[in-house]
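J.:
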Amino acid sequence: MLMPSFPPLAQLETEREFGARHIGPGPEDEAAMLGAVGAASRAALIEAIVPAAIRRGAMDLPAPVGEAAALAELKALARKNRVLKSFIGQGYHGTQTPGVILRNILENPAWYTAYTPYQAEISQGRLEALLNFQTMVVDLTGLPVANASMLDEATAAAEAMTLALRVGRSKATAFFVADDVLPQTLAVIRTRAEPLGLQVVVGPAEAAGEVLAGTPCFGALFQYPGAEGAVRDLRGPIAAVKAQGGQAIVAADLLALTLLVPPGELGADVAVGNTQRFGMPMGNGGPHAAYLACREAHQRSMPGRLVGMSVDAHGKPALRLALQTREQHIRREKATSNICTAQVLPAVVASMYAVYHGAAGLRRIAERVSSYAAALAEGIEQLGWTLAHDTAFDTLTVQTGAQTEALLAHAVELGMNLRRVDAARLGVSLDETTTRADLDALWTVFARGASRPDFDVFEKGVAPRIPAALQRRSAYLTHPVFEQHHSETAMLRYLRKLSDKDLALDRTMIPLGSCTMKLNATSEMIPITWPEFAQIHPYAPAEQRAGYAELDAQIRSWLSEITGYAGISLQPNAGSQGEYAGLLAIRGWQRARGEGHRDICLIPASAHGTNPASAQMVGMKVVVVACDAQGNVDLADLRAKVEQHSAKLAAIMITYPSTHGVFEEGVKDLCALVHQHGGRVYVDGANMNALVGLAAPGAFGGDVSHLNLHKTFCIPHGGGGPGVGPVCVAEDLVPFLPKGADEAVHGEEVGAVSAAPLGNAAVLPITWMYIRMMGGEGLTRATETAILSANYIAARLKDAFPVLYTGGADLAGGGVAHECILDLRAIKDATGVTAEDVAKRLIDYGFHAPTLSFPVAGTLMVEPTESEPKAELDRFIEAMLAIRREIAMVEAGAWGRDDNPLKHAPHTAEVIGADTWPHAYPRSAAAWPLDSLRGGSKYWSPVGRVDNVHGDRNLFCTCAPVESYAA
């Protein structure tokens, strides 16, 4: 009897590897794709496309492990963190994430795998959630306009400072900061101000008028309540700033504003702050959605993104990103900021926290926190201690003198962290998680071993410590959306209704060029809600953050091996912040060498829009370098520019592979030329998904790069954030990496660029899991597959839509990198059908569009990534070929130039089901252009094509009566 035969054990183990699940095409699919491209193997494909001069050897990374093993290893690392009850405050608080929000937003791929809502029609759900966020901020701050989130409170304050500089009447270059502003905010403001030549003046809030009389300032920042807990009436200081023509900025605690007179009623021009305590765990500092609100006069100068209401082609209300001419991709060095990634997913959580609790629920939470703080204060005073202030919302500062260290240590013994304000004072901040048992434990600490006095503030009650003149009287969150979803049933259905309106990676391929929309695996996502990661305060004692420290060290070590750089900081919480930090490092190095006069930054015409904006933010002047007909940097023009600016050349910023999707052969020569003239080379890491395992920027001539962990290393885009943008530098630039707000900064060092030392630390386990499960060979295979997939699409579509730039390889698609640009300009000239028409028509086929008109107007840039299976690539190709046949109908005159499915796309179910049909083309062609779309899998756009011009002319950016939108 023959025994059954099994494959070799090694093969069985290989088939269990995570890499086989992450990479979409299997062996048979890969063979078919290689056949279509005209390459004998993946290795042959890479040899034909990637220049031999930059190729690297194998990466020295740990051997990959399976999903369960990686989770177990990471859990052991997480347990090295010690989770104590933190009463540190300083902008970070305990919070309770409602289960319905945790499960249906934070852990739901329909929300976390979505892209930034640039394609409005398929983003109506998250746009509505962001409109709720803006409305929440507007109502609570008392200012009429708010944006759709910022990176963190500190960077929001820095953006507010530069906003004040732009819009104010004052010609001063000094900026006043109250001395009770959060220390991390002050640190980031100092970093931002220095390259711009701005002076930061620090003093007591109540003395602002006196300080400003001696030093005119264009603006001022106040904390409300102050970092030490005092609730000050800021009307006087605000009036003093405005009397000089300056702008008054208030950094305000959003929960406190449910009880306090809002900044707008105090006279503030701008309000900033954090929404972390609205349902987002502390996570060692992030991600959390900050906010910025301002007067209407400043709305067209605001940084960040703004969601506004417009109408669609049928006159019905539809949401969109408003005022997009402010986006850095268009304004470049004239951009109002370089902010690209926002914090959309945390903003959605915060907005739904407000929707779920409503005005009354938020007020009850705030009243409870405030009452507990008043009760704690009374108990501490009865124990003989003196408070540093007699007003408070949630934070107390206690004069502890020589007892400070002993009290801190006693608190830790009882499982609690207090804040060391200075050598003689301790801070205690309460939050919605505070219990009676916590107050008892805190009184035990301050009793210093003696019996706690016999009093019971819970039964007799206690007066709040908010001054009567600052108690809020105005209403907030009165729109019905904040009143209708307080039961879990109602909330669950509301969240489902919104997510059903959107297209995310859980439904379809998102073929956005440059954005790298790849798999965000479930095993990678699981750890972010573990208490050992989620419940850590960023300023807890270092020994309690040992697991995070090891996580940080391992990720930096692995990324150094991947990139070829000597040093890395994970602090930047967006790719734009990574760019900024990298240019600050170059600037710091040059100043330390006595070459601070170098201020010219060369940037190719094809560069990402954040590049020139970042250069402007560090005080550099942008000089554009031309590109040649093949999309490469024009080396002749570059040579002329470096020679012209040799004495003042600071840097060049390039993207590699180029933004045109091509591996440029001359990149090493480019780097050498810039180095020869004293400049440094910044390699934008946006396209790193085409390099991992094949080439290392730090090895082929780069001095600095940032990475996008929310692209290449699997952190989800989250609808437009969170992001992580590590900055990677060569050996001699390591001393100029950003320092945390809690580190000493002196000399030419670079200060903090984000509020928390590790930025968006809570999402770093995602990248750790990805690298650990893939290993060096798996990461390299992923890169090669991403390049194969792009070339497969180029080969299949080149006859229908010419590929604009290629590497000229002897391949069917010409040899592109990980993305390809489809040129539709000739089609527009012949038929009137534009790239935007094709993008909108793809919605009817169930696809998010490729990147529209960037980097070349009239084109579509497609990036399939390694994660999409061949069947999905073929579905996209089939859709594009079908659209080309529709264009041919217009070319032949069978359909009119203005009445065809492309011009009227997307088609809503309401339009298809209407009693009348005014078009010459049939309903079936509009709704089901392919048979595969029948049978229940069809995605219906909730709105028709959105009217962008109407939205900018009639700006509605909060929840308002529907009938007013189309007025």
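Quick note: the sequence shown uses full-length UniProt numbering, first residue 1, plus one each step.
The beta-carbon is built from N, C-alpha and C at its ideal position, and this holds for glycine as well.
Can you tell me whether A72 is buried or exposed, with buried defined as 16 or more other CB within 10 angstroms of its CB?
T.: Here residue 72 refers to the residue found at position 72 of the sequence shown. Result: exposed.
J.: Under 8 Å: do the region 569-580 and the region 716-736 share three or more Cβ pairs, one atom per stretch?
T.: yes
J.: Using a Cβ-Cβ cut-off of 6 Å (strictly less than) and excluding sequence neighbours within five positions of N689, which residues of its own chain qualify?
T.: Start at 1 with the first residue of the sequence shown, and residue 689 comes out as number 689. Result list for N689: T516, T712, A786 and H818, in chain order.
J.: Output the distance between the C-alpha atoms of K242 and A248, rounded to the nearest integer angstrom.
T.: In the sequence shown, counting from the first residue as 1, residue 242 sits at position 242. In the sequence shown, counting from the first residue as 1, residue 248 sits at position 248. Looking at the two C-alpha atoms, the distance is approximately 7 Å.
J.: Who are the near neighbours of T325 in its chain, counting only those whose CB is closer than 6 Å to its CB and skipping five residues on each side?
T.: Taking the first residue of the sequence shown as 1, we reach residue 325 at position 325. Because T325 sits at a pLDDT of 44, beneath the cut-off of 50, its placement in the model cannot be relied upon, and the following sentence gives the value as read from the coordinates. So the list is empty, once near-sequence residues are dropped.
J.: Name the one or two DSSP bridge partners that D312 has.
T.: As a working note, residue 312 is residue 312 in the sequence shown. The partner list for D312 (beta bridge, DSSP) reads V946.
J.: Excluding sequence positions up to five away, which residues of its chain have a Cβ less than 6 Å from the Cβ of A366?
T.: On the sequence shown, residue 366 is found 366 positions in, with the first residue counted as 1. Result list for A366: L255, T258 and L259, in chain order.
J.: Mind checking whether the beta-carbon of A504 lies closer than 7 Å to any heavy atom of the ligand ADP?
T.: As presented, the structure is devoid of all ligands, the ligand ADP included, so that no description of it is given.
J.: If we ignore side chains and look at the alpha-carbon of each, how far apart do S941 and G719 end up?
T.: Your numbering for residue 941 matches position 941 in the sequence shown. Your numbering for residue 719 matches position 719 in the sequence shown. Going by the C-alpha atoms only, they are around 17 Å apart.
J.: DSSP three-state call for A613: helix, strand or coil?
T.: Taking the first residue of the sequence shown as 1, we reach residue 613 at position 613. Three-state result, A613: helix.
J.: The beta strand (DSSP E) that contains Q399, what's its start and end?
T.: Your numbering for residue 399 matches position 399 in the sequence shown. Residues T395 to Q399.
J.: Under 6 Å Cβ to Cβ from G698, same chain only, skipping five residues before and after it: list those, please.
T.: Here residue 698 refers to the residue found at position 698 when the sequence shown is read from its first residue. Shown here for G698: same chain residues with a beta carbon closer than 6 Å to its own, the five before and five after excluded, namely T563, G564 and Y565 in chain order.
J.: Looking at the secondary structure, which residues open and close the alpha helix (DSSP H) in which T859 lies?
T.: Taking the sequence shown and counting its residues from 1, one reaches residue 859 at position 859. Premise fails: T859 lies in the beta strand (DSSP E), T859 to V862, not in any alpha helix (DSSP H).
J.: According to DSSP, what are the bridge partners of A318?
T.: Taking the first residue of the sequence shown as position 1, residue 318 is located at position 318. S310.
J.: Buried or exposed: where does Q471 fall if 16 or more other Cβ atoms within 10 Å of its Cβ makes it buried?
T.: Here residue 471 is taken as the residue at index 471 of the sequence shown, counted from 1. Exposed: under 16 other Cβ atoms inside 10 Å.
J.: Would you tell me roughly how many angstroms separate the C-alpha atoms of H675 and A626, rounded to the nearest one?
T.: On the sequence shown, position 675 is the one that residue 675 refers to. On the sequence shown, position 626 is the one that residue 626 refers to. Their backbone Cα atoms lie some 19 Å apart in a straight line.
J.: What does the Cβ neighbour count give for K171, buried or exposed, with the cut at 16 atoms within 10 Å?
T.: The residue given as residue 171 occupies position 171 in the sequence shown. Exposed: under 16 other Cβ atoms inside 10 Å.
J.: Does the beta-carbon distance from residue 971 to I23 come in below 8 Å?
T.: Examination of residue 971 is not possible in this model, given that the chain is present from 1 through 967 alone.
J.: Is it right to say C957 is buried, meaning 16 or more other beta carbons lie within 10 angstroms of its own, or is it exposed?
T.: Here the question's residue 957 lines up with position 957 in the sequence shown. Buried, because 16 or more other Cβ atoms sit within 10 Å of the Cβ of C957.
J.: Going by C-alpha distance, which of V83, R103, V50 and I122 is nearest K840?
T.: The count along the sequence shown starts at 1 and reaches residue 840 at position 840. Of the candidates V83, R103, V50 and I122, the one whose C-alpha sits nearest the C-alpha of K840 is I122.
J.: To which residues of the same chain is I54 closer than 7 Å at the C-beta, ignoring the five residues directly before and after it?
T.: For this step, residue 54 is matched to residue 54 along the sequence shown. Excluding residues within five positions, the ones whose Cβ falls inside 7 Å are V667, K668, A695 and F700.
J.: With S351 as the anchor, note down where its alpha helix (DSSP H) starts and where it stops.
T.: As a position in the sequence shown, residue 351 is number 351, starting the count at 1. V344 to Q382 is the extent of the alpha helix (DSSP H) around S351.
J.: What are the uninterrupted segments assigned as alpha helix (DSSP H) that are 4 or more residues long and contained completely in the region 396-446, given in chain order?
T.: 404-413 and 436-446
J.: Within a Cβ cutoff of 6 Å, which residues of the same chain sit near A812, ignoring the five residues on either side of it in sequence?
T.: Looking up residue 812 in the sequence shown gives position 812. The answer, listed in chain order, is V37, G38 and A795.
J.: For the alpha helix (DSSP H) that contains residue 976, what are its first and last residues?
T.: The structure shown does not extend to residue 976, since the chain is modelled only from 1 to 967, so the question has no answer here.
J.: Assuming V231 and A392 are in contact, meaning their beta carbons sit under 8 Å apart, how far apart are those beta carbons, in whole angstroms?
T.: Here residue 231 refers to the residue found at position 231 of the sequence shown. Here residue 392 refers to the residue found at position 392 of the sequence shown. Sure, about 6 Å apart at Cβ, within 8 Å.
J.: Which residue's Cα is closest to the Cα of T116: A178, D502 and S557?
T.: In the sequence shown, counting from the first residue as 1, residue 116 sits at position 116. The residue with the shortest Cα to Cα distance from T116 is D502.
J.: Under 8 Å: do the region 768-777 and the region 567-576 share three or more Cβ pairs, one atom per stretch?
T.: no
J.: Can you round the beta-carbon distance between F6 and G66 to whole angstroms, since I take them to be within the 8 Å contact cut?
T.: Stepping through the sequence shown from its first residue, residue 6 is reached at position 6. Stepping through the sequence shown from its first residue, residue 66 is reached at position 66. Going by Cβ atoms, the distance from F6 to G66 rounds to 19 Å, so no, they are not a contact pair.
J.: Relative to the C-alpha of M309, which candidate in S569, Q134 and P98 has its C-alpha closest?
T.: Taking the first residue of the sequence shown as position 1, residue 309 is located at position 309. Nearest neighbour of M309 by Cα position, chosen from S569, Q134 and P98, turns out to be Q134.
J.: Taking 8 Å as the threshold (C-beta atoms), are L84 and Q644 in contact?
T.: Here residue 644 refers to the residue found at position 644 when the sequence shown is read from its first residue. Here residue 84 refers to the residue found at position 84 when the sequence shown is read from its first residue. No, Cβ-Cβ distance for Q644 and L84 is not below 8 Å.
J.: Should V683 and Y656 be called a contact, given that it needs their Cβ atoms to be closer than 8 Å?
T.: Translated into positions along the sequence shown, residue 683 becomes position 683. Translated into positions along the sequence shown, residue 656 becomes position 656. Yes, the pair counts as a contact, with Cβ atoms nearer than the cut-off.
J.: From A129 to Y476, what distance separates their C-alpha atoms?
T.: As a position in the sequence shown, residue 129 is number 129, starting the count at 1. As a position in the sequence shown, residue 476 is number 476, starting the count at 1. The alpha-carbon atoms of A129 and Y476 are separated by roughly 17 Å.
J.: Taking C-alpha atoms, which residue in V272, R56 and H677 lies nearest to M161?
T.: On the sequence shown, position 161 is the one that residue 161 refers to. Comparing Cα positions, the closest option is V272.
J.: Just the C-alpha distance for A755 and D152, rounded to the nearest angstrom, thanks.
T.: As a working mapping, residue 755 is identified with position 755 in the sequence shown. As a working mapping, residue 152 is identified with position 152 in the sequence shown. So the two alpha carbons sit approximately 6 Å from each other.
J.: On the three-pair Cβ rule with 8 Å, is the region 95-110 touching the region 435-449?
T.: no
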